[in-house]
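Chains as they are written, first to last, in the UniProt record's numbering: chain A, 1 to 530; chain B, 1 to 320; chain C, 1 to 322.
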Amino acid sequence: MANIVLMPKLGLTMKKGRITGWLKNEGDRVEQGEPLLEVMTEKVNVRVESPFTGVLYKILCPAGSTLPVSVPVAVIADEGDDEASLEAAVSEALAALQEALAGGGKEEERKKEARPVKPFVVFAGERKVSPRAARLARKEGVDIGLISGSGPGGRVVEEDVRNYLEQLKGGQSYQVLPIDGMRAVIAERMSASRKQAAHVTIMEEVDVTALRDVREQLNAQDSSGRIKFSYTDLLVKFTAEALTEFPMVNSRSSENEIFLPGSVNIGVAVALENGLVVPNIKNAHQLSLEQISTKVKDLATRARNNELDPEDVENGTFTISNLGMFGAEGFTPIINRPETAILGVGTIRTKPALVDGRLEKRYFMTLSLSFDHRIIDGSLAAEFLSRLKEMLEDPYPWFGLQPQKNEDLLISAGGGKSPRQIRRAYKDGINRLMETAPDVVMGFSALTEGIFFDDGAVSRLNKELIAVALSVYIKCEYCITAHIYKAMELGATPEQILEAANVAVFFGGGAALAYTATLVQDCIEAFGGN
Amino acid sequence: MAPNKEEMLDMYRKMLLIREFEETVANLFSQGQIPGFVHLYVGEEAVAVGVCSNLGDKDYIASTHRGHGHGIARGASVEKMMAEIFGKIDGYCKGKGGSMHIAAVELGFLGANGIVGAGLPLAAGAAFANKYLKNGGVAVCFFGDGASNRATFHEALNLASIWKLPVIFVCENNMYGISMSQERHQNINDIADRAVAYGIPGVSVDGNDVMAVYEAAAEAIKRARAGEGPTLIECKTYRFRGHFEGDACVYRSEEEVNEWKKKCPIQRFGTSLLEMNIASREELDAISAEVKEQIKNAVEFARKSPYPDVSELTTDVYCD
Amino acid sequence: MEMTYSQAINAALREEMKRDDTVYILGEDVGIFGGCFGVTAGLIQEFGPERVLDTPISETAIVGSAVGAAAAGLRPVAEIMFMDFMTVCMDEFFNQAAKMRYMFGGKVKVPLTLRTVCGAGLGAAAQHSQSLEAWFTHMPGVKVVMPSTPADAKGLLVSSIRDDNPVIFIEHKMLYGVTGEVPEGEYTIPLGKADIKREGRDVTVVATSLMVHRALVAAETLAGEGIEVEVVDPRTLVPFDKETLLQSVEKTGRLVIVHEAVKNSGFGAEIAAIVAEEGFDFLDAPVKRVAAPFAPVPFSPPLEAAYVPSEEKIIEAIKSLF
Chain A
1 MANIVLMPKL GLTMKKGRIT GWLKNEGDRV EQGEPLLEVM TEKVNVRVES PFTGVLYKIL
61 CPAGSTLPVS VPVAVIADEG DDEASLEAAV SEALAALQEA LAGGGKEEER KKEARPVKPF
121 VVFAGERKVS PRAARLARKE GVDIGLISGS GPGGRVVEED VRNYLEQLKG GQSYQVLPID
181 GMRAVIAERM SASRKQAAHV TIMEEVDVTA LRDVREQLNA QDSSGRIKFS YTDLLVKFTA
241 EALTEFPMVN SRSSENEIFL PGSVNIGVAV ALENGLVVPN IKNAHQLSLE QISTKVKDLA
301 TRARNNELDP EDVENGTFTI SNLGMFGAEG FTPIINRPET AILGVGTIRT KPALVDGRLE
361 KRYFMTLSLS FDHRIIDGSL AAEFLSRLKE MLEDPYPWFG LQPQKNEDLL ISAGGGKSPR
421 QIRRAYKDGI NRLMETAPDV VMGFSALTEG IFFDDGAVSR LNKELIAVAL SVYIKCEYCI
481 TAHIYKAMEL GATPEQILEA ANVAVFFGGG AALAYTATLV QDCIEAFGGN
Chain B
1 MAPNKEEMLD MYRKMLLIRE FEETVANLFS QGQIPGFVHL YVGEEAVAVG VCSNLGDKDY
61 IASTHRGHGH GIARGASVEK MMAEIFGKID GYCKGKGGSM HIAAVELGFL GANGIVGAGL
121 PLAAGAAFAN KYLKNGGVAV CFFGDGASNR ATFHEALNLA SIWKLPVIFV CENNMYGISM
181 SQERHQNIND IADRAVAYGI PGVSVDGNDV MAVYEAAAEA IKRARAGEGP TLIECKTYRF
241 RGHFEGDACV YRSEEEVNEW KKKCPIQRFG TSLLEMNIAS REELDAISAE VKEQIKNAVE
301 FARKSPYPDV SELTTDVYCD
Chain C
1 MEMTYSQAIN AALREEMKRD DTVYILGEDV GIFGGCFGVT AGLIQEFGPE RVLDTPISET
61 AIVGSAVGAA AAGLRPVAEI MFMDFMTVCM DEFFNQAAKM RYMFGGKVKV PLTLRTVCGA
121 GLGAAAQHSQ SLEAWFTHMP GVKVVMPSTP ADAKGLLVSS IRDDNPVIFI EHKMLYGVTG
181 EVPEGEYTIP LGKADIKREG RDVTVVATSL MVHRALVAAE TLAGEGIEVE VVDPRTLVPF
241 DKETLLQSVE KTGRLVIVHE AVKNSGFGAE IAAIVAEEGF DFLDAPVKRV AAPFAPVPFS
301 PPLEAAYVPS EEKIIEAIKS LF
């Protein structure tokens, strides 16, 4: 039967790769494990081994193609395949490839349609490229937009292009790494898992403000300062608790059996210099937080010292992979087979959020649950994650603690500024901005004028609210003030203003919202009386 | 010392040639056949001819914006001069100079000059070269009454005086610096008086009397060749036409012009040639006819000559 | 052999006067006095007052007569004591010398060398310290030479005197005492050939006259910080060696121009324009000019020092490109 070679995912962050060369020609015989093609990811050029033995029947994507991961790139013929079945496989693969690529294209089109966001490029400052760098990029046929600039003001200079080219072509940074040892094991297991399990990942944003409070309180209880609970410790604890309620998520599976263990053995992925290892905490559901913490530290230490025993990594039932410390927000972890689910933990970020109609500074973490859809249904996975979220968002009862009063969380309103003061500040600000950065003012005016052009489809108030969102997004204090004022004049309620401000998050302006939250509150307060 | 008959007839011929040349140019200019603008020498022919008839091979002249007469007096070809004024490739300067920059260095003619008074130091320099090379040559600078107020006049006369340069400064006092009459532009009657300031001889002559000019120049040139330094000769004359073609001459009266026309240097010289029995009416008429023919041919030559190719635009900027 | 810039110029004059009888010197106080800066010292004794001529204070007559003499077959070397005084003989140089050949359809040669002195540094203030070279680069028909070293001064002056065109040879008063190795015997340096005074791969600094020395000091300092500066001395601004400039910028990708003249419409603008027109794609950073501010040369010593581009300003400009 014809085998389809997919664009490999060669790193956690890899979304697309460029085929820099085929090491075999069509018609060549190829052994499984024999280098078949070279793929360049963001960082390295990797020789990818053939996952199958056979004859390279058709190369679907020539060298030079940049492709998303997991799309078909070649067809390898098995012995005994006839021409017709091979051609059928090729057309099927091509159709899949085209669909995948078209999907990407649609995504791009959607982005293009989201016009209101686009013009913000103006405010971010135009990308500067030296003529020399541009010439070299033209000559070498590389997209200068992919190259980050190291010159004054972030200008892309020749050296940046050269460095980029060296990365592309090899050059000084060219490295061929053997896929052997631990790497080979990881590679094999990861791709095997990917192939065998029907991966689905769901994500949930969890408000960990309370969890953070609990952790602080617990750590403060130990006056010796010896015990320091990590978020991983807490996550292991609550995940273990949740798993006891959802045994299917704690299951192991083989080709034709689902095994429901009597214990919860939670693996914690430990990053090593040359890979990762997943020792597990046996019977985590029966351990106290202290015991879990001690165990996690012990396993991690031994893992790094290469002192793990085989049983430490065997018989896991669930895995937690915490990439939060590396700044990852959400991701799609690969299930540690034969387990059937894995929890990815993202970094903690602060965001303003509406709590009882008021803005508060809150802490959020994204949890990503990958599960084997063959075993676990989507609804079940969602329920499990929802339960875990519930526990994490209200952890106090588990430890007999009460919420600490934390004034820092509240974003205080008012600020003592009268509407008149704010309006004057707005006027002064605009004048100042006109002097220092007239293009920003003009650009923004042009943009809002575009929005306010009365096409009859969107109400004037809604347009103003959009402008509020955009103002928050660009963190322009004067624009925020002006548009909140106008919106409220048109009858907007404080809730609508806050909703609009929150929309900035949708544009990727969470930080902007945090930055401007106080001002938004002030404005609502100040103009509310009008 | 005095010119013989042949020389005098040649002087007469040159004066007529200048007159015919200039009147033809005026006529062509008014018909729009000559580009730019032209300053004509009509009425002043006696100065150029009287001075230049004394000059030899090694001698230089530097001229003014009103330079056609000087060139012709120095022996330049009227064909090549006319072609230059037409802006044609066969002109003296390949059409790149025009009326105001006609030059024939091969004839010691250092050019007409668009800058009033610029010729004085140039002539001093050429005189210096002759002196330096000890070739016995002199240099003559023609300039107007207007130029006598310029720094170049004073610096050049002073330098020529202290270095005893073989140069003759010939001031063509035609009574006007463009529109400004001499009595308005300087507080002296005789520009020759200024020679005193530089310790050189200064003489004032009737610039419409070619023989008077000739004699004054002869004397000055003799001194110069003898190493006795420069002389300032003021020739009082008058331009019959405007400062340039198209000048309405609002600054002078018709009576004044007519008064001067009665003193026409060519008529005067012709009359005296007849009176002194140096030439017959027939001879003079024959000369006149020849001159007309010559100028007609010059115009023909100029018309037939092509314009310079655009490739000439940037040539001759530097010597290679 | 080691000699000063002043001695090198003197040697060039002496050699050319010996070699060619038509070469003579004229100018204010060039004879018995030996020149305001002593450059022509001893020449009147050697060649006599017929060939080394003191003139009255008559710049117009100096240049005007030199043009006439050049057109009549001599090779005058005129000295204008300070470049600032070129204003009073501009017509003779600009309207006569520069244009004569063209106006006359190529029928005359004006082999005039006009030596003059530029630059601040002596507290000579606004009318005796200017660097006006850009004016002369705007005159078709004139060649503009600006030597920075004794060896260049000698070789370029010999070439200037032998050149059949009017040449303005601009000396810098603060360089007269600078010493340097000068080749033995007769030699010429062609007009229009730049000299790479120091090779470097990271940035091209085009500097003229005194600024060449400051650029070299800056280059030495920056070498210690890992920036290799290529210092290009055009030596002649007209004709200008575009090839060397463009080759250097193609190599380094960065260009800083240093001149003592005011920045506005200085020759640096021309150099920058050449690179913008013909070497745009070579540039990895904007072109920078380091030049005097748009003000007359001040008298007061601290003001004068601040007026002239310093090594520090050159270093700062170079660093801003990285």
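Cβ coordinates follow ideal geometry from the N, Cα and C atoms, glycine included. Everything numeric in this text was worked out from a predicted model, so none of it was measured.
- Report yes if the C-beta distance between residue 8(B) and residue 49(B) is below 8 Å; otherwise report no. no
- Message: Between residue 33(C) and chain B, is any beta-carbon pair separated by less than 8 Å?
- Response: no
- Query: Which whole runs of the alpha helix (DSSP H) in the stretch 85 to 164 of chain B are 4 residues long or more, in chain order?
  - Reply: 119 to 133, 151 to 162
- Item | Selection of the UniProt domain "Lipoyl-binding" (2 to 77) of chain A by Cβ proximity to chain C, strictly under 9 Å | none
- Message: Any beta carbon from chain B within less than 8 Å of residue 104(C)'s own beta carbon?
- Response: Chain B contact via Cβ: present.
- With 16 as the cutoff for other CB atoms within 10 Å, does residue 516(A) come out buried or exposed? For residue 516(A), the number of other beta carbons within 10 angstroms of its own is at least 16, and it is reported as buried.
- Item | Residue from 278(B), 62(B), 205(B), 283(B) whose Cα sits closest to the Cα of residue 143(B) | The shortest Cα separation from residue 143(B) among 278(B), 62(B), 205(B), 283(B) belongs to 62(B).
- Message: Below 9 Å on C-beta distance, what does residue 151(A) contact in chain C?
- Response: 284, 285, 321, 322
- Message: Which runs of the alpha helix (DSSP H) at least 4 residues long sit entirely within the stretch 2 to 88 of chain B? Give them in chain order.
- Response: 5 to 30, 45 to 52, 68 to 73, 78 to 85
- DSSP puts residue 118(C) in a beta bridge; with which residues? 172(C)
- chain A within 8 Å of residue 253(C), Cβ atoms only: yes
- Query: From residue 16(A) to residue 215(C), what distance separates their C-alpha atoms?
  - Reply: 49 Å
- Task: Label residue 316(A) either buried or exposed according to how many other C-beta atoms from any shown protein chain fall within 10 Å of its C-beta, with 16 as the threshold for buried.
- Result: buried
- Task: Using a threshold of 8 Å, state whether the C-beta atoms of residue 336(A) and residue 268(A) are closer than that.
- Result: No, the pair does not count as a contact, with Cβ atoms beyond the cut-off.
- Distance, residue 36(B) Cα to residue 30(B) Cα: 12 Å
- Message: Counting only C-beta atoms, is residue 71(C) closer than 8 Å to chain B at any point?
- Response: With 8 Å as the cut-off, residue 71(C) counts as an interface residue toward chain B.
- Item | Residues of the stretch 241 to 272 of chain C with Cβ closer than 8 Å to any Cβ of chain A, in chain order | Of all residues in the stretch 241 to 272 of chain C, only 253 place a beta-carbon less than 8 Å from a beta-carbon of chain A.
- Item | Residues bridged to residue 368(A) [DSSP beta-bridge criterion] | 203(A), 344(A)
- Task: For residue 185(A), count neighbouring Cβ atoms within 10 angstroms of its own Cβ and tell me buried if that reaches 16, exposed if not.
- Result: exposed
- Under 8 Å between C-beta atoms of residue 114(C) and residue 161(C): no
- Query: From residue 71(A) to residue 244(A), what distance separates their C-alpha atoms?
  - Reply: 38 Å
- Message: Using only CA atoms, which one of 62(C), 274(C), 50(C), 266(C) lies nearest to residue 154(B)?
- Response: 62(C)
- Return the chain-ordered list of same chain residues with a C-beta closer than 6 Å to the C-beta of residue 304(C), the five sequence neighbours on each side being excluded. 120, 298
- Other residues of its chain near residue 208(A): CB distance less than 7 Å, five sequence neighbours each side excluded: Within the same chain, residue 208(A) has close Cβ partners 348, 363, 364, 365, 392.
- Pairing CB atoms from the stretch 122 to 142 of chain C with CB atoms from the stretch 175 to 193 of chain C, are three or more of them under 8 Å? no
- Message: Is it buried or exposed, residue 1(A), if we count other Cβ atoms within 10 angstroms and call 16 or more buried?
- Response: Residue 1(A) comes out exposed.
- Task: Going by CA-CA distance only, name the one from 90(B), 17(B), 81(B) that's closest to residue 306(B).
- Result: 90(B)
- Item | Contact list for residue 158(A) against chain C, beta-carbon separation under 8 Å | 253, 284
- Query: Between the stretch 285 to 292 of chain C and the stretch 256 to 269 of chain C, are three or more C-beta pairs nearer than 8 Å?
  - Reply: The stretch 285 to 292 of chain C, when compared against the stretch 256 to 269 of chain C, does touch it at the 8 Å Cβ threshold.
- Task: Figure out for me which residue from 144(A), 167(A), 166(A) has the closest Cα to the Cα of residue 157(A).
- Result: Each of 144(A), 167(A), 166(A) was checked against the Cα of residue 157(A), and the nearest Cα belongs to 144(A).
- Task: Can you tell me which of the three DSSP states residue 328(B) falls into?
- Result: Residue 328(B) is absent from the model: chain B starts at 1 and stops at 320.
- Are the beta-carbon atoms belonging to residue 106(C) and residue 320(B) less than 8 Å from one another? no
- Query: Once you ignore the five residues that flank residue 185(B) on each side, which residues in its own chain have a CB closer than 8 Å to its CB?
  - Reply: 145, 146, 149, 177
- Message: Is it buried or exposed, residue 318(B), if we count other Cβ atoms within 10 angstroms and call 16 or more buried?
- Response: buried
- Query: Are at least three pairs of beta-carbons, each pair with one atom in the stretch 288 to 306 of chain A and one in the stretch 325 to 332 of chain A, less than 8 Å apart?
  - Reply: The stretch 288 to 306 of chain A vs the stretch 325 to 332 of chain A: no contact.
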